[in-house]
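So for the sequence shown, UniProt numbering puts the first residue at 1; every next one is plus one. Glycine included, C-beta positions come from ideal geometry on N, C-alpha and C.
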Amino acid sequence: MRTALLFTTLLMLPACQIGLPEIDSRPADDMRPVNIEADPNSVKDDDSAPSEQAATPTPEASLSAAFEQAASAANAPIEPKKTGLFARLRKSEPPQVSVLAGTGIEVIAGSDAAPARAALKAPDPADSDAADIDVAPQSETDIAQPTAPVSAAPSKAKKPLFGFLKSGSGEARVASKSTVALGQVLPFGEVGIACEVGQKDLGTQVDQSPSKGAARWQLFDTDPSSIAPRTQFITGFKDGCARQVTASLIMFGSPDLHEVHRYSKSQSKVSWSSADDAYEKIKSSACGVPRKTPCPVSKVDNLARDLAFVSVYRNFGDTTGWLELLLYNGSLTTKEMR
Numbered sequence: 001m002r003t004a005l006l007f008t009t010l011l012m013l014p015a016c017q018i019g020l021p022e023i024d025s026r027p028a029d030d031m032r033p034v035n036i037e038a039d040p041n042s043v044k045d046d047d048s049a050p051s052e053q054a055a056t057p058t059p060e061a062s063l064s065a066a067f068e069q070a071a072s073a074a075n076a077p078i079e080p081k082k083t084g085l086f087a088r089l090r091k092s093e094p095p096q097v098s099v100l101a102g103t104g105i106e107v108i109a110g111s112d113a114a115p116a117r118a119a120l121k122a123p124d125p126a127d128s129d130a131a132d133i134d135v136a137p138q139s140e141t142d143i144a145q146p147t148a149p150v151s152a153a154p155s156k157a158k159k160p161l162f163g164f165l166k167s168g169s170g171e172a173r174v175a176s177k178s179t180v181a182l183g184q185v186l187p188f189g190e191v192g193i194a195c196e197v198g199q200k201d202l203g204t205q206v207d208q209s210p211s212k213g214a215a216r217w218q219l220f221d222t223d224p225s226s227i228a229p230r231t232q233f234i235t236g237f238k239d240g241c242a243r244q245v246t247a248s249l250i251m252f253g254s255p256d257l258h259e260v261h262r263y264s265k266s267q268s269k270v271s272w273s274s275a276d277d278a279y280e281k282i283k284s285s286a287c288g289v290p291r292k293t294p295c296p297v298s299k300v301d302n303l304a305r306d307l308a309f310v311s312v313y314r315n316f317g318d319t320t321g322w323l324e325l326l327l328y329n330g331s332l333t334t335k336e337m338r
């Protein structure tokens with residue numbers, strides 16, 4: 001027993017001789033932090049695993065960061081770029097490629113109160129169907145063309161063939177209105193309008209009205225030596241076209257000759273023609289006298305410059321069935337069979 005106790009005491013004696021570490025008795029002001037350097041070799045392999053996981057971002061974190069970047073770009077105000085005249089002529093800069101390009105994700109810019117959000121863009125069915133449909137081109141008849149009002153081009157007035165025969169009235173010739181073809185023979189009593197007849201087709205001038213001075217009206221005969229009915233022309237109309245008749249004899253009558261015949265007692269019971277009535281109206285206006293009153297001598301010559309009676313006979317010696325014309329102021333005023 002004693003031996004065991006002694007042996008135990010000997011074993012515990014060295015342990016009691018180990019001294020405790022000295023407590024630094026320096027004041028607190030002199031104490032400085034002690035840098036403890038860790039031995040890199042002492043770091044365990046298990047400590048490095050979390051660092052490697054933190055350095056590599058997860059797919060969820062990358063997608064979230066892309067959402068935030070796209071939303072910020074959508075809400076950012078776009079400032080108009082000032083460009084000069086020559087800058088506009090240059091090619092525009094290529095558009096910046098979004099970080100979400102090719103991902104099928106469309107960024108929808110919300111209002112100011114709500115943050116921007118991203119949504120998956122669904123395929124447009126119209127785009128997919130349009131590629132499979134062939135559109136037939138429209139024809140010209142299917143396309144409505146604006147129509148402007150078309151105005152007819154004014155016909156160029158022909159130079160009067162009888163300009164040298166016209167009076168100095170200064171009236172332009174109207175468009176051609178011929179009623180008879182060149183060389184056509186009209187029946188007796190009909191008056192045709194011949195605008196295309198040439199000077200050589202008129203024949204020979206055989207009479208004029210007034211008989212003295214400048215001619216207002218002229219008579220042309222295609223065969224003066226004949227006594228048979230034939231084509232004859234009267235010129236002097238304001239439209240520049242000759243008037244064609246068929247007759248064996250044509251005579252001009254002046255206003256004063258007409259008054260002597262019409263106002264005579266032998267003609268008092270003869271009915272008045274359309275030419276007689278028309279003359280009374282013209283005479284009253286030009287001469288200032290009432291009906292059945294001769295025009296004063298001082299004024300009758302002025303009236304005769306523009307007015308003429310024309311007697312057209314089918315055959316020589318006819319007293320009935322003749323044609324009476326009244327010409328005044330470049331126009332055919334009356335036409336009547338007597």
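Under the 8 Å Cβ criterion, the stretch 260-275 does not count as touching the stretch 214-230, having fewer than three qualifying pairs. In its chain, beyond the 5 residues on either side, Thr179, Val180, Leu186 and Gln244 have a beta carbon closer than 6 Å to the beta carbon of Gly192. The three-state secondary structure of Glu259, taken from DSSP, is helix.
Of all alpha-carbon atoms in Gly213, Gln232, Ser209 and Gln218, the one lying nearest the alpha-carbon of Gly183 is that of Gln232. One Cα belongs to Tyr263, the other to Asp256, and the distance between them is close to 11 Å. Taken in chain order, the whole alpha helix (DSSP H) runs of length 4 or more contained in the stretch 279-326 are 297-304.
DSSP, read as helix, strand or coil, puts Asp207 in strand. Assignment of beta-bridge partners to Arg243 by DSSP yields Ile193 and Ile234. Counted as a single uninterrupted DSSP element, the beta strand (DSSP E) harbouring Gln218 occupies residues Trp217 to Asp221. A contact between stretches requires three or more CB pairs, one per stretch, nearer than 8 Å, and the stretch 235-243 fails this requirement with the stretch 296-306. Here the stretch 197-209 makes no contact with the stretch 284-297; the two share fewer than three CB pairs at distances below 8 Å. For Leu249, the enclosing beta strand (DSSP E) stretches over residues Leu249 to Gly253.
Residue range Ser331 to Met337 is occupied by the beta strand (DSSP E) that includes Leu332, with no alpha helix (DSSP H) assigned at that position. Counting C-beta atoms within 10 angstroms of its own C-beta, Asp276 has 16 or more neighbours from the protein chains shown and is therefore classed as buried. Burial of His258 is indicated by the presence of at least 16 other C-beta atoms within 10 angstroms of its C-beta. In terms of Cβ geometry, Ile282 and Tyr313 do not form a close pair [threshold 8 Å]. Each residue's CA atom was taken as its position, placing Lys177 and Cys241 some 8 Å apart. Taking each of Leu326, Gly321 and Leu325 in turn and checking the Cα distance to Arg338, the smallest one comes out for Gly321. Residue range Gln199 to Leu202 is occupied by the alpha helix (DSSP H) that includes Gln199. Counting the other CB atoms within 10 Å of its CB gives Ala214 a total below 16, which places it among the exposed residues. Of the residues Asp221, Gly189, Arg216 and Pro210, the one whose Cα lies closest to the Cα of Lys200 is Asp221. Burial state of Val197 is buried, judged by a 10 Å Cβ sphere holding 16 or more other Cβ atoms. A distance below 6 Å between beta-carbons, with the five flanking residues on each side excluded, links Thr333 to the following residues of its chain, in chain order: Ala278 and Leu326.
If the five residues before and after Ala286 are omitted, its C-beta is found closer than 6 Å to the C-beta atoms of Leu303, all from its own chain and listed in chain order.
Here the alpha carbon of Asp318 sits roughly 18 Å from the alpha carbon of Lys335. Judged by their CB atoms, Met251 and Ser311 are nearer to each other than the 8 Å cut-off. If you draw a 10 Å sphere on the C-beta of Gln267, you find fewer than 16 other C-beta atoms in it, and that means exposed. Counting C-beta atoms within 10 angstroms of its own C-beta, Phe309 has 16 or more neighbours from the protein chains shown and is therefore classed as buried. C-alpha of Ser248 to C-alpha of Gly189: approximately 12 Å in a straight line.
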